Each structure stands twice: as structure tokens, then as C-alpha cells.
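Residues in the sequence shown are numbered consecutively from 21, following this note's numbering.
Every residue gets a Cβ at the ideal spot worked out from N, C-alpha and C, and that includes glycine.
None of these values were measured; they are calculated from a predicted model.
These notes concern the structure reproduced below.
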Amino acid sequence: MLNNQGRPTQPEAASGETIAHKTFTGNRGLQTHEPLIFETGRNDVTGVDIDEPEEFTPRLGAMLRKATIDLPGLSEPEAMRHYVRLSQKNYAIDAGLYPLGSCTMKHNPRLNEKMARLPGLSDIHPLQPQSTVQGALALIDELANWLMEITGTHAVAMSPKAGAHGETCGMMAIKAAIEARGEGATRNVVLVPESAHGTNPATAALIGYSVRSIRADASGTVRVADVKAALGPDVAAIMLTNPNTCGLFEKDIVEIAEAVHEAGGYFYCDGANLNAIMGKVRPGDLGIDAMHINLHKTFSTPHGGGGPGAGPVVLSQALAPFAPVPFVAKDEGGHSLIEHAEGSQSFGRMTAFHGQMGMFVRALTYMLSHGGDGLRQASEDAVLSANYIRACLKDIMSGPFVEQPCMHEVVFDDAWLKGTGVTTLDFAKAMIDEGYHPMTMYFPLVVHGAMLIEPTESESLASLDLFIMTLRDMAFRARRGEAERFTQAPYFAPMRRLDETRAARQPVLRWTKPETVQVEAVAAE
Ligand SMILES: *Cc1c(COP(=O)(O)O)cnc(C)c1O
Numbered sequence: 021m022l023n024n025q026g027r028p029t030q031p032e033a034a035s036g037e038t039i040a041h042k043t044f045t046g047n048r049g050l051q052t053h054e055p056l057i058f059e060t061g062r063n064d065v066t067g068v069d070i071d072e073p074e075e076f077t078p079r080l081g082a083m084l085r086k087a088t089i090d091l092p093g094l095s096e097p098e099a100m101r102h103y104v105r106l107s108q109k110n111y112a113i114d115a116g117l118y119p120l121g122s123c124t125m126k127h128n129p130r131l132n133e134k135m136a137r138l139p140g141l142s143d144i145h146p147l148q149p150q151s152t153v154q155g156a157l158a159l160i161d162e163l164a165n166w167l168m169e170i171t172g173t174h175a176v177a178m179s180p181k182a183g184a185h186g187e188t189c190g191m192m193a194i195k196a197a198i199e200a201r202g203e204g205a206t207r208n209v210v211l212v213p214e215s216a217h218g219t220n221p222a223t224a225a226l227i228g229y230s231v232r233s234i235r236a237d238a239s240g241t242v243r244v245a246d247v248k249a250a251l252g253p254d255v256a257a258i259m260l261t262n263p264n265t266c267g268l269f270e271k272d273i274v275e276i277a278e279a280v281h282e283a284g285g286y287f288y289c290d291g292a293n294l295n296a297i298m299g300k301v302r303p304g305d306l307g308i309d310a311m312h313i314n315l316h317k318t319f320s321t322p323h324g325g326g327g328p329g330a331g332p333v334v335l336s337q338a339l340a341p342f343a344p345v346p347f348v349a350k351d352e353g354g355h356s357l358i359e360h361a362e363g364s365q366s367f368g369r370m371t372a373f374h375g376q377m378g379m380f381v382r383a384l385t386y387m388l389s390h391g392g393d394g395l396r397q398a399s400e401d402a403v404l405s406a407n408y409i410r411a412c413l414k415d416i417m418s419g420p421f422v423e424q425p426c427m428h429e430v431v432f433d434d435a436w437l438k439g440t441g442v443t444t445l446d447f448a449k450a451m452i453d454e455g456y457h458p459m460t461m462y463f464p465l466v467v468h469g470a471m472l473i474e475p476t477e478s479e480s481l482a483s484l485d486l487f488i489m490t491l492r493d494m495a496f497r498a499r500r501g502e503a504e505r506f507t508q509a510p511y512f513a514p515m516r517r518l519d520e521t522r523a524a525r526q527p528v529l530r531w532t533k534p535e536t537v538q539v540e541a542v543a544a545e
């Protein structure tokens, strides 16, 4: 059954489902069939009881709404049930293992939430006089110091609101530094390895650079010789992820940094994978100039549902003068927010205010509750978990780098599925039937049919073992010729396979009221 947006509103019958166990409601056990709220509610009734307004003259002129607003009128329990049921259709890290490689979906400790809800932190406003928010400014300053300490860098811009936003910030600082040297017109190329996250070339292009691609060698990492060959007086920067998106540490990073600096360029490091090296190695010591840190990855702030991210950017001494405003400064008088730094070379401002305060509270709580040694252990455990999965699956699933140790994530390819009629997509969909969120599929692009798995340090040994046994069972079935189990999957999800390409290309974001059907009465002769 389709609704008027072309969206299937009921799960298709699962294979083997007979008419005898089709339910009257369309629900499956506790998995309820949930229409849109507009389809549930009627707009000629209301769930609230507000007096009719007294006679008044509207001052909206031509902007006055003439038609009814057409919001569905629901009672409180109806509205509650709608949203609770929708929330139950979400898979979340709170519900189970979330192996989304390159994304560090780790547990969000509840202590973080408790701290973020303290009224003194949650009820303040960015426009409050600074004398009344000294504690909040001190908190931002302390978090900034932790970030600089962990990364071995000189400055940090706190305001970017996601990793990709942080990339823009770091690259804008690099651009400002190059322009200050008078080389803005000549340095207009950014080097990006083939295995990079799509945001890297997108960021470079967004701020006006052209992208020169660098290939990865057979071992999955970038070679110094390839970087050197691509360097020249036109190169503004390299954007390199370390550990990279194949889950491998770029061993030649120091030499690469030196070569880039020698050629007059800057080194932007994509720090999304900091979870593998935090407390083990300081990127600043490796020669990086700018790096974003996804607080919603490494530092456990919520990551699901596109919820508020935070992507502070640490900067080297060379780039520090170009950092955006505002930033927190401290003197005898206390903390203050510097909005206009006199005579500074700051490139300006990234956001209206100072950043994602709620995420700062959560990230600092995570750091303080772990301590330096705990953060290091989190990295070690994350790397251990990924290698455990690699070691337990490499005899049955193939991958270009599975014979060598990985960092926090392990990448398999689809060579082992050859001849089975099962694709990476099918395998991932069948994981849903087993109760797992799929791993990252078809990324990194340099690995054919990639399946990128990142378990994180959150999982117990029992949880990893069950995941591994599940994948082994699935792999055996795929190889034994049970293709239909995969090609038709998921059988048990509320929705079966959707046309994801069409959904992305032609999203229907607006509900339109169905036409009222006019039935003409035909008089019988
Ligand atoms: C997640 C990620 C990004 C982008 O970060 P967002 O916070 O999602 O904007 C960039 N690069 C890599 C390698 C990532 O994993």
C-alpha cells in the first residue's frame, strides 16, 4: 500500500508469510505500522482547548494567512504515541552494536547527559553578560586545553559545528595564511588521497581550490614519493586522514609533512579517526598544521540522527594567528570572550556564537571521567576490538589489508562473495535481519565492494563474539548458495528495500493534502 507521497506504508509480506498470519492492523507484534502524523490526525479537530481570540486588527498586511494552517489535530496521547513509535523504528547505539566504520559510534555515557543538564550550564544564553557566565567560559577554556594537550598543538578554534565545518575552518585558516604571504593567486591546489572521505575534496573545492588526487599504494597508504611528485609552487595544502579510512596508520606522515612544508604548503589532517591514536601519539608532533576533532566521534557526544555535532579545529603555531573569533582568553580579571582581536590576522567568524556548548560539556565530562590514562586505554581497546574482528573473520571474508594489523577499523572487500550472487549491499541488508546496523558499505572507494567495520571500545567481548559468530554464519550461508536470504533482505525490518537513489535524488519533503475525491451521482433513468 502506498500513501499519497509514494511511500510504502506497510511492510511487504515477509517471505514465507502466509495469509494466516497477516495481522488485521498491519502491525507485526510490537512493531507497529505508523502512518504520517498528517494521515493520523484530522485538521478539523484539535487536541488543545484555547479560547477564540477577541476581535483584533491583524498587522500582517498582505502576509496574513488566508487558508487554514492544516495542522493535524491530535490529543496528547495520540501525539506521544506517534513520536514514541517512530523513535522505536530507529536503530541507535543505545539499542545495539553500531559498526559504522569511519564514524566512531561509541557509547554516550549517561554522566555526560547529567552534566549537560545542570541548570547552570543548560539554562544560560550566549548573549548573557560575560561576568555571569564565567563558569561556562572556564569550561570552554579547559576543554580547549585538553584538546591542545591531546594533540600537541598551539591553538584551537572551538566554534565549528561538525567535522566538515571544521575542515572548512582549518582550510580557511590555511588560505588566510597563504594570502598573508602574498601567494593567494598562485597557490590554488590541494592534494587529497583517493581514499579520503568525500568531505575533504568537497571542502577544498568549496573554498575555491582545485583538487589533485594522490593514489594509495597496494598497502593502503600514501607513498612519500607520490606526494613529492604532486607537490609544487601551486600547492596550498595536503589533506590527509590519519589513521586513514582504510583503518591504517600513515607511517610516512612525518616525511610527508616535511615535504609539504618544504614546498611551502600546509598540512591539514582529517582527525575524524583520532579514536585510534588518542593518548598514543600527538598529531602536532607529526607535523600537522590544522586538524578537526569530531567531539561526536572520539569524545562520545551523541552522533545519531544528525544531532548537534562539534568539530573544534586545533592549529599549529604557524596557523594560530589566523584562527577565527571568538575565542576565550584568561587574565587576572577572569575569563573573557575575544570577539575582535586588535591587529590580529583572524580570518573572521565561523558561527554566530561560540560553538555547541552542550557538546562541550559532554566532551569535557568524558575526558575528566576517563583521565589521560583512560583516554589512552579507550584508544587501545578500540584498536584491539577491530583487530579481534579482523583476526576472527579473515579466514572466511577477504580484504586487501586483513593480513596486517589495523587501527580502529577493519575493511573487508567483496572478492569472497564472487559467484555467490550476493553483493555487499545484500550482505549489509541481511545484517539488519540479524539485528545489527550495517557496517559502512562501498567506502573507502579504493576497496572494491568495501565493508568497513568499526566496533569501538564500547563493546564487551561477549558482544564482539556474538557479532563475529553472526557474520560467520551469514558468510557460510552466502557461500553455501542461500542467496535469497540476502538478495531479498531485510525480511524483518519495518520497511523492506527502498529506492535509496530515488529517495536521495528526488526527496519528497513536503506533505501535500490528498485531493478530495468528487463522486458524481449519476441519476438512474
Ligand atoms: C565523519 C568524518 C568526516 C566528517 O565529519 P562530520 O562531523 O560528519 O561532518 C570527515 N572525515 C572523516 C574521515 C570522517 O570519518
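Inter-residue CB distance, residue i and residue j (contact presumed, cutoff 8 Å)
i	j	result
residue 260	residue 290	7 Å
residue 444	residue 461	5 Å
residue 339	residue 286	7 Å
residue 275	residue 244	5 Å
residue 121	residue 409	Between residue 409 and residue 121 the Cβ distance is about 11 Å, and since that is not below 8 Å, they are no contact.
residue 333	residue 310	6 Å
Whole-angstrom distance between residue j and residue i, CA atom to CA atom
i	j	result
residue 255	residue 264	21 Å
residue 226	residue 211	14 Å
residue 345	residue 109	41 Å
residue 171	residue 470	30 Å
residue 30	residue 91	Confidence at residue 30 is low in this model, with a pLDDT of 47, below 50, so its placement is unreliable and the value that follows should be read with caution. Approximately 24 Å, taken between the alpha carbons.
residue 137	residue 156	13 Å
residue 150	residue 468	54 Å
residue 376	residue 321	11 Å
residue 498	residue 486	18 Å
residue 313	residue 180	10 Å
residue 488	residue 300	27 Å
residue 78	residue 111	46 Å
residue 97	residue 387	40 Å
residue 240	residue 218	17 Å
residue 519	residue 525	10 Å
residue 307	residue 288	10 Å
Reference residue i, options the options, closest by Cα
i	options	result
residue 370	208, 331, 244 and 393	331
residue 125	162, 150 and 458	458
residue 514	479, 472 and 449	449
residue 141	68, 378 and 224	378
residue 89	79, 62 and 104	62
residue 382	65, 100 and 135	135
residue 435	207, 415, 482 and 181	415
residue 49	386, 105 and 439	105
residue 257	191, 167, 517 and 123	191
residue 517	506, 526 and 525	506
residue 282	316, 247 and 311	247
residue 187	319, 144 and 216	216
residue 154	350, 119, 451 and 95	350
residue 421	293, 522, 236 and 481	236
DSSP state of residue i mapped onto helix, strand, coil
i	result
residue 438	coil
residue 51	strand
residue 115	coil
residue 355	strand
residue 186	helix
residue 232	strand
residue 462	coil
residue 527	coil
residue 342	helix
residue 473	strand
residue 93	strand
residue 213	strand
residue 21	Only weak support exists for where residue 21 lies, its pLDDT of 45 falling under 50; the coordinates are left without a value.
residue 196	helix
residue 534	coil
residue 305	helix
residue 312	strand
residue 451	helix
residue 513	coil
residue 248	helix
residue 66	coil
residue 123	coil
Residue i vs residue j beta-carbon contact at 7 Å
i	j	result
residue 164	residue 176	yes
residue 342	residue 365	yes
residue 478	residue 127	yes
residue 267	residue 431	yes
residue 196	residue 367	yes
residue 203	residue 233	no
Quiz item: Listed by chain order, which residues have C-beta atoms less than 7 Å from any heavy atom of ligand 2?
Solution: This structure lacks ligand 2; its bound ligands are ligand 1.
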